[in-house]
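Numbering (my numbering), first residue to last: 14 to 553.
Note that CB positions come from ideal geometry on N, CA and C, so glycine has one too.
The next block holds one structure in the form of structure tokens; read it before the comments.
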Ligand code: SF4
Ligand code: SF4
């Protein structure tokens with residue numbers, strides 16, 4: 014691994030292009046925080062590691078892994094890959110701390126165990142919640158004392174997606190069988206859904222909406238049971254062993270022969286599967302590499318899949334212009350012109366909605382879009398989610414300044430360097446405020462959590478939503494549109510979805526906020542209880 018690192022590092026021309034775009038450098042002004050500074054550190058990694066392993070780890074970890082530097086690097090260096098490999102080397106040298114071994118190897122690398130523990134945490138989290146009458150989706154009071162008490166977090170869902178799938182009538186194909194199930198009707202497309210931890214446990218309604226939207230558009234969806242983390246968090250923590258275990262597990266569950274596409278609703282999961290899985294298995298045997306590459310080729314973010322593969326927005330908007338079209342009244346909606354789905358006994362069509370749009374409508378809810386770093390910078394997906402938003406005529410889309418400015422989340426960066434994370438996040442809030450939007454949409458559940466925290470901190474009455482919920486959900490009563498337009502919207506939606514009116518929402522504004530400090534204590538208590546039970550049973 015060191016050899017490939019050397020090759021990458023030696024390509025750095027020290028041009029400094031990465032300096033201007035680095036959100037951490039913009040805040041600290043320290044060269045050591047830029048990609049160039051870190052690559053210089055990695056250049057002498059062995060020496061640095063032997064002289065000060067902890068300091069080296071700290072410098073490497075002071076990075077959001079946002080990829081802003083890599084996106085503009087003229088030498089096209091795979092900077093994130095280099096950083097992740099360097100973290101693995103350093104953590105391998107100094108040894109993972111016990112809590113990381115517990116968290117990554119005992120918990121996250123075992124999806125069943127992880128699910129059970131978080132199910133217990135979800136059951137007891139109300140003890141750690143501070144219920145607040147939240148003004149306009151805004152803030153809750155800051156609790157006294159401790160370091161974490163001024164955070165606002167989105168609670169765990171009481172029923173995670175994997176349980177929702179198991180217990181309800183809602184039943185996409187659970188597990189790919191030994192041979193693919195013959196397709197009947199629809200578009201003849203079979204897509205596997207990689208759910209991801211946060212959509213599963215925090216935003217299960219969004220995960221369900223993804224399945225609904227895909228099925229409504231004629232896609233057969235399979236959702237392999239027992240799936241877990243994409244591996245990005247454990248790799249960011251320097252644990253390649255846990256990553257390898259997760260990879261091996263997912264290769265069993267996601268057989269590329271059994272689906273045409275793999276779809277995710279999380280920018281980080283998409284980037285991990287498309288970029289990191291192949292890169293981190295490049296030294297594995299041929300069979301593994303080939304399976305991983307085939308999966309990576311088939312993987313799409315939900316917005317890119319909807320727009321580029323299914324073409325759902327083609328007839329609605331032909332470009333990504335900033336000023337959206339506007340719906341007029343019901344009478345302007347005529348017959349559907351572009352049939353796109355033919356299922357047994359049902360034809361769904363996309364209306365040529367341009368004809369139904371006219372003058373600007375001041376009554377529509379304004380929505381803006383935050384580009385998740387892993388979607389925009391790592392994968393170059395910018396146009397598609399905007400098109401999905403504009404495809405919903407009950408919202409008016411308005412671009413914010415610097416929409417691809419990092420929100421400051423960075424996974425464990427947020428936990429380790431919360432003050433820096435907050436300072437970066439509040440710049441994003443300024444941009445949202447400048448847009449005048451009352452809804453901010455994005456495509457990454459981690460960004461959603463960070464944006465909610467920052468919006469609450471800034472007391473800005475803006476709701477955070479996933480782009481697929483915006484696309485799928487018309488909520489005219491909230492948009493405040495007239496009865497006449499409500500009819501128009503409903504008709505348009507019915508035309509587009511063949512009579513199926515999708516109405517789910519993951520708007521968590523106004524929900525209970527949670528004090529993470531108390532949550533941590535509660536979770537720790539649950540962990541210790543589980544361990545003591547397991548110890549009594551000697552089952553691990
Ligand atoms: S932009 Fe690329 S080549 Fe230039 S200094 Fe940064 S890492 Fe090196
Ligand atoms: S990944 Fe982001 S935070 Fe890290 S060095 Fe690059 S630009 Fe800076």
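Relative to ligand 2, the beta carbon of residue 28 is positioned no closer than 7 Å to any heavy atom. With contacts defined as CB atoms closer than 8 Å, residue 461 and residue 442 fail to qualify as a contacting pair.
For residue 36, the CB falls within less than 7 Å of some heavy atom of ligand 2. Within the same chain, Cβ atoms closer than 6 Å to the Cβ of residue 167 are found at 215, 462, 465, 521, the five residues on either side in sequence being excluded. At least one heavy atom of ligand 1 lies less than 7 Å from the C-beta of residue 49. If only uninterrupted beta strand (DSSP E) runs of at least 3 residues are considered, those enclosed by the region 388-416 are 408-410. Considering only 61, 270, 424, 320, the residue with the shortest C-alpha distance to residue 457 is 424. The beta carbons of residue 79 and residue 36 sit about 7 Å from each other, so the pair counts as a contact at 8 Å.
Between residue 411 and residue 381 the beta-carbon gap is near 5 Å, inside 8 Å, which marks them as a contact. Residue 203: member of the beta strand (DSSP E) spanning 202-207, first to last residue.
Taken from the Cβ of residue 279, every heavy atom of ligand 2 lies 7 Å or farther away.
Comparing alpha carbon positions, the residue from 47, 397, 83 closest to residue 320 is 397. Between residue 87 and the set 28, 101, 242, 118, the nearest pair of CA atoms involves 28. In the structure shown, residue 478 adopts extended strand secondary structure according to DSSP, grouped into three states. Shown here, residue 254 sits in a helix according to DSSP, grouped into three states. In the three-state reduction of the DSSP assignment, residue 437 falls in the helix class, which pools H, G and I. Within a 10 Å sphere around the beta-carbon of residue 258 sit 16 or more other beta-carbons, which makes this residue buried.
The C-beta separation of residue 277 from residue 310 comes to about 14 Å, leaving the pair out of contact by the 8 Å criterion.
Per DSSP, residue 271 lies in no alpha helix (DSSP H) and is assigned neither H nor E. Taking the CA atoms as reference points, residue 419 sits about 20 Å from residue 89.
Around the CB of residue 293, 16 or more other CB atoms lie within 10 Å, so the residue is classed as buried. In this structure residue 219 is in contact with residue 481, their Cβ atoms being roughly 6 Å apart against a cut-off of 8 Å.
Between residue 82 and residue 134, the C-beta spacing is not below 8 Å. Taking all protein chains in view, the Cβ of residue 542 is surrounded by fewer than 16 other Cβ atoms within 10 Å, so the residue is classified as exposed. Residue pairing by DSSP places residue 233 opposite 203 in a beta bridge. With contact defined as three or more Cβ pairs closer than 8 Å, the region 233-250 and the region 104-121 are in contact. Rounded to the nearest angstrom, the gap between the Cα atoms of residue 204 and residue 248 is 27 Å. Fewer than three Cβ pairs drawn from the region 424-433 and the region 90-101 lie within less than 8 Å of each other, which leaves the two stretches out of contact.
Taken through DSSP and simplified to helix, strand or coil, residue 47 comes out as coil.
Each residue's CA atom was taken as its position, placing residue 451 and residue 139 some 28 Å apart.
For residue 379, there is no enclosing alpha helix (DSSP H); the enclosing beta strand (DSSP E) has its first and last residue at 378-382. Out of 226, 285, 250, the CA that lies nearest to the CA of residue 209 is found in 285. Within the model, the alpha-carbon separation for residue 399 versus residue 453 is close to 12 Å.
Contact annotation: residue 106 and residue 76 have beta-carbon atoms that are not nearer than 8 Å. Not one heavy atom of ligand 2 sits closer than 7 Å to the Cβ of residue 421.
Between residue 440 and residue 432, the alpha-carbon positions lie close to 13 Å from each other.
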